[in-house]
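Participant: One structure, as structure tokens, below. Some questions next.
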Amino acid sequence: MASLRDQILISLYEGLVYLLNPYEMSWGNLQYTTNSIYKAVTRLEKDGLLKKRRKENKIYLHLTEKGKNAIRAHRKAGWHSRQTWDEKWRVVIFDVPEKKAESRRYLRSYLKSLGFGKVQRSIWITPYDFGKLIDRFSRKMNLFDCIYQMTVEQFRGLTGVEVAQTFWRIKTINSEYQYLIKIHSDRLRRIHNNKDNTDLAKSQLGKRFLNSLLWDYQTIAARDPHLPVQLLPADWAQQKALDFIEQVKKTFKLMDSPELFTADTK
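Residue numbers (my numbering): 20 to 285.
Below is the structure:
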């Protein structure tokens, strides 16, 4: 789930935060010490993600453009489109010489970003047709003669579901979606049960709660290959996570919040 560092970025995304109040970084019933907040702020400032501003002997924080871009990039990382499947597999095999080792690393990163599963270090698989994208990337990186693409209809001895569970971390990702719902449901309950929270405080906590929930969802979604529904377990929890997000928006009347970058789950 979101670290203190992430929560500071989330809280700063829509305005300034008064640094000297440790309760600015409260989360439900969770509190962070002033020392831990200052350490996190110092690291963020050193990384160029935020700046301090002094006003009337008080220190305020605000995101730099680099910090805002970090938030935007994180949101975009959770966006994928779940395509229809023609029940064929695409296999990418490459043999890149050592003198192009850096380009080889970029290629692996690119395949991961598209949701490919790793069979071996130089063999990757996907149910989707990314042939044109791979061709474009390989020409741009001068790797066209090093990359081979194949289309196969089946893996002998393995069902489609077994292929998915063999080459992707499907069970782990599903567990993360389930844990997301559990941990944030507990936090939501603590917010509602805290009698000291005024309606205004609940509204502010609700906005921060939603931002943290979206951050955590997008962290998982960025690792989710968004495979066809035929390849997913019956208890796949992504849609339940999306439904929980919508429930939180309605609970805190935040339906006009910034658009969530999500996968098409249909």
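Heads up, the beta-carbon is just placed ideally off N, CA and C, and yes, glycines get one too.
Which residue's Cα is closest to the Cα of residue 185: 251, 209, 196?
Facilitator: The residue labelled residue 185 in the question sits at position 166 within the sequence shown. Nearest option by C-alpha distance: 251.
Participant: Would you mind sorting residue 230 into buried or exposed? The rule is 16 or more other CB atoms within 10 Å of its CB.
Facilitator: As a working mapping, residue 230 is identified with position 211 in the sequence shown. So residue 230 counts as buried.
Participant: Report the residue from 224, 232, 147 whose alpha carbon sits nearest the alpha carbon of residue 169.
Facilitator: Taking the first residue of the sequence shown as position 1, residue 169 is located at position 150. With distances taken between Cα atoms, residue 169 lies closest to 147.
Participant: Per the contact definition of three or more C-beta pairs closer than 8 Å, is the stretch 52-66 in contact with the stretch 20-29?
Facilitator: Yes, they touch.
Participant: Got a sec, what are the start and stop residues for the beta strand (DSSP E) residue 110 sits in?
Facilitator: Taking the sequence shown and counting its residues from 1, the one referred to as residue 110 is at position 91. Run containing residue 110: 108-113, per the beta strand (DSSP E) assignment.
Participant: Tell me the DSSP bridge mates of residue 78?
Facilitator: Along the sequence shown, one-based indexing puts residue 78 at 59. According to DSSP, residue 78 bridges with 73.
Participant: Just the Cα atoms here: how many angstroms apart are residue 248 and residue 210?
Facilitator: Walking along the sequence shown from the start, residue 248 turns up at place 229. Walking along the sequence shown from the start, residue 210 turns up at place 191. Going by the C-alpha atoms only, they are around 35 Å apart.
Participant: Take the Cβ of residue 101 as the centre, count every other Cβ of all protein chains shown within 10 Å, and call the residue buried at 16 or more, exposed below.
Facilitator: By 1-based counting over the sequence shown, the position of residue 101 is 82. Buried.
Participant: Run the CB neighbour count on residue 195, radius 10 Å, all protein chains shown included, and call it buried at 16 or more, exposed below.
Facilitator: Walking along the sequence shown from the start, residue 195 turns up at place 176. It counts as buried.
Participant: Out of 190, 180, 234, 227, which one is the CA nearest neighbour of residue 271?
Facilitator: As a position in the sequence shown, residue 271 is number 252, starting the count at 1. That would be 227, whose Cα lies nearest to the Cα of residue 271.
Participant: Buried or exposed: which applies to residue 235, given that a residue is buried once 16 or more other Cβ atoms fall within 10 Å of its Cβ?
Facilitator: The residue labelled residue 235 in the question sits at position 216 within the sequence shown. Buried, since its Cβ has 16 or more Cβ neighbours within 10 Å.
Participant: Looking at C-alpha atoms only, which residue of 232, 191, 245 is the closest neighbour of residue 203?
Facilitator: Here residue 203 refers to the residue found at position 184 of the sequence shown. Out of 232, 191, 245, 232 has the C-alpha closest to the C-alpha of residue 203.
Participant: Nearest-angstrom Cα distance between residue 122 and residue 109?
Facilitator: As a position in the sequence shown, residue 122 is number 103, starting the count at 1. As a position in the sequence shown, residue 109 is number 90, starting the count at 1. Straight-line Cα distance between these residues: approximately 21 Å.
Participant: Any contact of the stretch 125-142 with the stretch 151-164, i.e. 3+ C-beta pairs under 8 Å?
Facilitator: Output reads yes: the stretch 151-164 touches the stretch 125-142.
Participant: Could you compute how far the alpha carbon of residue 258 sits from the alpha carbon of residue 111?
Facilitator: For the purposes of this step, residue 258 is taken as residue 239 along the sequence shown, with counting starting at 1. For the purposes of this step, residue 111 is taken as residue 92 along the sequence shown, with counting starting at 1. Cα-Cα distance, rounded: 30 Å.
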